[in-house]
Amino acid sequence: MGISTKIQWCDSTCNPTMGCDGCELWDAKTGDFSCYAGTLHRRYGATAKGFSPTFDQVTLWPGRMEIASKWADLTGCVRPVKPWLDGMPRLIFVSDMSDALSSGVDFDFLFREVFENVTSDNGARHKWLWLTKRPDRMASFSVYMRQRGLEWPENLWAGTSITNQKSVRRLSGLSRVGNDRTVRFVSLEPQRERVNLQGALGGVGWLIQGGESGTSSHSFEMGWISETLDACREQNVAYFLKQLGSHVVVAGVRGPGRT
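Anchor point for the sequence shown: position 133 equals 133 in this note's numbering, and the numbering is continuous, going up by one each time.
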């Protein structure tokens, strides 16, 4: 977790858990271990402060959300490095180094750690952007809260990650999170192939697109940007381009990229 971050679309990060059950970016079956959070755990796990022993074994870190809730409110503040966030409340990315909806994390913990701190007097000042590759389980957590007479907090934005066409199906689960006041967002990053989002973004308010960083990154076609922009405009979805990545292709020719 960090009160400041280089991630362009938020001010801070917080991880109530560390680690993940795995996904297409961290898959023993395919041998793909390119997830940046997993890579950092392999490098620093069990040795650096704040890291869990391993990425593959999800661990709980109670108390982090409460600490983050007490950070200063940024409403009305100017961000010299991120002027596009000027005036907004503090935007806190939840689970940049984990997936808190992994199977071993029970809903009672998520209720205490996430819901209670997001809705506390301190936490209510901020916007919390909770990202998962398991939106079906997030939807189940939404039902868990509703069964207790509680609605999804308006300052808790629900998001899911997409990396390829197959993972577009996650949008179905995301659509079942919260209620008609819930802000839902999509992180199309790292985008690894052409993704058709025509007619798929119902209920989504915001999309973040980006290529992959690193020396062995997959290519990112510049044409994907205009295609995604068109889909967002047609479906009235706000758009944010995070980065092009390290392997940019323009009209079939590799061009300059950034990590």
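Note that beta-carbon positions come from the ideal geometry of N, C-alpha and C, so glycine has one too.
{"Check": "Does the count of Cβ pairs from the stretch 37 to 49 and the stretch 126 to 133 closer than 8 angstroms reach three?", "Outcome": "no"}
{"Check": "For Val-143, is the classification buried or exposed, using 16 other Cβ atoms within 10 angstroms of its Cβ as the cut-off for buried?", "Outcome": "exposed"}
{"Check": "Between which two residues does the beta strand (DSSP E) containing Arg-184 stretch?", "Outcome": "184 to 188"}
{"Check": "Expressed to the nearest angstrom, what Euclidean distance is found between the alpha-carbon atoms of Phe-185 and Thr-228?", "Outcome": "14 angstroms"}
{"Check": "Might you give, ordered along the chain, the residues of its own chain that have their beta carbon closer than 7 angstroms to the beta carbon of Leu-25, omitting 5 neighbours on each side?", "Outcome": "Asp-32, Ser-34, Cys-35, Thr-163"}
{"Check": "With 16 other CB atoms within 10 Å as the buried threshold, where does Asp-96 fall?", "Outcome": "buried"}
{"Check": "In whole angstroms, what is the alpha-carbon distance linking Gly-2 and Met-65?", "Outcome": "11 angstroms"}
{"Check": "Expressed to the nearest angstrom, what Euclidean distance is found between the alpha-carbon atoms of Arg-79 and Leu-85?", "Outcome": "7 angstroms"}
{"Check": "Three or more C-beta pairs under 8 angstroms: does that hold for the stretch 196 to 206 against the stretch 219 to 226?", "Outcome": "no"}
{"Check": "Tell me the residue span of the beta strand (DSSP E) that contains Phe-55.", "Outcome": "Neither: Phe-55 is in no beta strand (DSSP E) and is coded neither H nor E."}
{"Check": "Tell me the rounded alpha-carbon separation between Arg-233 and Thr-5.", "Outcome": "29 angstroms"}
{"Check": "Could you pull the DSSP bridge partners for Ser-34 from this structure?", "Outcome": "Beta-bridge pairing links Ser-34 to no other residue."}
{"Check": "Over the uninterrupted beta strand (DSSP E) stretch that includes Val-143, give me the two end residues.", "Outcome": "From DSSP, Val-143 is part of no beta strand (DSSP E) but of the alpha helix (DSSP H) over 135 to 146."}
{"Check": "Rank His-41, Trp-157, Trp-61, Leu-40 by C-alpha distance to the C-alpha of Leu-17 and give the top, closest one.", "Outcome": "Note on identity: in this sequence residue 17 is Thr, with Leu being the wrong assignment. When only C-alpha atoms are compared, the closest one is Trp-61."}
{"Check": "Throw me the rounded Cβ distance for the Cys-14 and Val-118 pair, which I believe falls under 8 angstroms.", "Outcome": "Not a contact, Cβ separation roughly 10 angstroms."}
{"Check": "Just confirm the distance between the C-beta atoms of Pro-89 and Leu-74, as a whole number of angstroms; I'd bet it's less than 8 angstroms.", "Outcome": "6 angstroms"}
{"Check": "Taking the Cβ atom as the reference point for each residue, do Leu-174 and Ala-139 lie within a distance shorter than 9 angstroms?", "Outcome": "yes"}
{"Check": "What three-state label does DSSP hand Met-18 in the structure shown?", "Outcome": "strand"}
{"Check": "Let me confirm a value: Glu-151 is counted as buried when at least 16 other C-beta atoms fall within 10 Å, else exposed. Which label applies?", "Outcome": "exposed"}
{"Check": "Drop a sphere of 10 angstroms on the beta-carbon of Val-81, count the other beta-carbons inside from all chains shown, and report buried for 16 or more, exposed for fewer.", "Outcome": "exposed"}
{"Check": "Quick one: is Ile-67 buried, meaning 16 or more other Cβ sit within 10 Å of its Cβ, or exposed?", "Outcome": "exposed"}
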